[in-house]
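What follows is one structure encoded as structure tokens, with my remarks underneath.
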Amino acid sequence: MTRRKFVCGNWKMHKTVAEAVELVRELRQRLNTQIQVGIAPPFTALAPVKAALQGSPIQLFAQNCHHEKQGAFTGEVSAPMLKELGCDGVILGHSERRQLFGETDEGVNKKLKAALEAQLHPIVCVGETLAEREASRTWEVVSRQIRGAFNGLAADAVGRCTIAYEPVWAIGTGKTATTGQAQEVHGQIRGLLREIAGPAVADAVRIQYGGSVKPENAAELLSQPDIDGALVGGASLKADDFARIVAGAK
Ligand code: PEP
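Each residue of the sequence shown is one higher than the one before, starting from 27 at the first, in our numbering.
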């Protein structure tokens with residue numbers, strides 16, 4: 027089956043509103059593509075970026091959400107709030123959230139259910155640390171994260187998600203997984219999806235690779251049979267680099 031490639035830029039805690047709107051202006055000039063493209067600015071820039079994207083096929087993603095709809099959760103933002111603001115989706119379980127903010131598989135599962143209920147397209151991030159890879163625990167960790175995130179979800183709900191395989195040791199480090207290393211895990215993830223949600227859903231779900239994707243390595247990574255796109259951090263902050271990555275994904 028041919029899956030439509032999907033590339034999303036994770037801007038992390040970068041870009042003021044003025045800088046974000048300028049980057050969108052540049053992206054709109056450079057991106058001319060049939061593939062699915064998303065950008066995930068910080069919360070403060072979501073509304074102005076939504077306005078700047080009017081009439082563009084580029085989708086808007088948030089970088090996190092809370093699992094409750096509302097309540098006494100100072101500093102948090104809910105999935106329905108993101109939906110109302112015009113977000114198409116939300117990144118969940120990014121390794122920085124797991125490592126720096128204590129997010130667990132159970133927490134990601136709750137957020138995933140909240141995002142789906144709000145009709146947001148979730149990108150669920152999974153990936154092993156260097157120590158886990160060196161201890162040959164990659165698949166143990168990644169499969170636990172996926173089973174945990176999708177726990178209690180019906181097959182059709184799994185089918186509404188994207189998974190991003192992001193080896194933690196490759197994020198922001200300049201070290202990229204080899205195409206062989208990435209494809210191996212992506213193939214295993216596809217097999218696990220088959221077990222969890224059946225062959226049709228497993229065939230349809232996009233599995234992005236993330237971890238130091240650059241214009242120079244995007245085309246080769248994305249030519250692999252089970253690599254259906256990329257979640258891009260650092261290189262998504264420059265319009266030219268991001269546009270070249272998107273071009274490489276075609
Ligand atoms: C990310 O944060 O999701 C990521 C992949 O970052 P980078 O591309 O900078 O490694």
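For each residue, glycine too, the CB sits at the ideal point set by N, CA and C.
Bear in mind that the values here come from a model prediction, so they are computed numbers and not experimental data.
| Check | Outcome |
| --- | --- |
| When burial is assigned at 16 or more other CB atoms within 10 Å of the CB, is residue 156 buried or exposed? | exposed |
| Going straight from the alpha carbon of residue 246 to that of residue 205, what length do you get? | 7 Å |
| Within the present structure, is the beta-carbon of residue 258 separated from the nearest heavy atom of ligand 1 by less than 6 Å? | yes |
| Under the criterion of a Cβ to heavy atom distance below 6 Å, does residue 243 qualify as lining ligand 1? | no |
| Just to confirm my understanding: we take residue 173, look at its own chain, exclude 5 residues before and 5 after, and list those with CB closer than 6 Å. What are they? | none |
| Determine, using beta carbons only, whether residue 190 and residue 151 come nearer to each other than 7 Å. | yes |
| So, for residue 164: in the same chain, excluding its five sequence neighbours on each side, which residues have a beta-carbon less than 7 Å away from its beta-carbon? | 154, 158 and 211 |
| Which of helix, strand or coil does DSSP assign to residue 148? | strand |
| Per DSSP, what kind of secondary structure is residue 99 in: helix, strand or coil? | coil |
| Taking the alpha-carbon of residue 40 as reference, which of 256, 221, 196 and 66 has the nearest alpha-carbon? | 66 |
| Taking Cβ to Cβ, would you say residue 108 is nearer than 7 Å to residue 134? | no |
| For residue 146, which of 168, 225, 116 and 137 has the nearest alpha-carbon? | 116 |
| Could you pull out every residue in the same chain whose Cβ sits closer than 7 Å to the Cβ of residue 176, ignoring the five residues on either side in sequence? | 184 and 222 |
| Rounding to the nearest angstrom, what Cα-Cα distance links residue 123 and residue 255 in this structure? | 21 Å |
| Measure the alpha-carbon distance for residue 33 versus residue 274 and round it to whole angstroms. | 10 Å |
| To which residues of the same chain is residue 121 closer than 7 Å at the C-beta, ignoring the five residues directly before and after it? | 151, 153, 192, 194 and 197 |
| Can you tell me whether residue 211 is helix, strand or coil according to DSSP? | helix |
| Skipping 5 residues on each side, what residues in its chain have a beta carbon closer than 6 Å to that of residue 232? | 29, 32, 188, 254 and 255 |
| Which residues share a DSSP beta bridge with residue 262? | Its beta-bridge partners do not exist; DSSP assigns none. |
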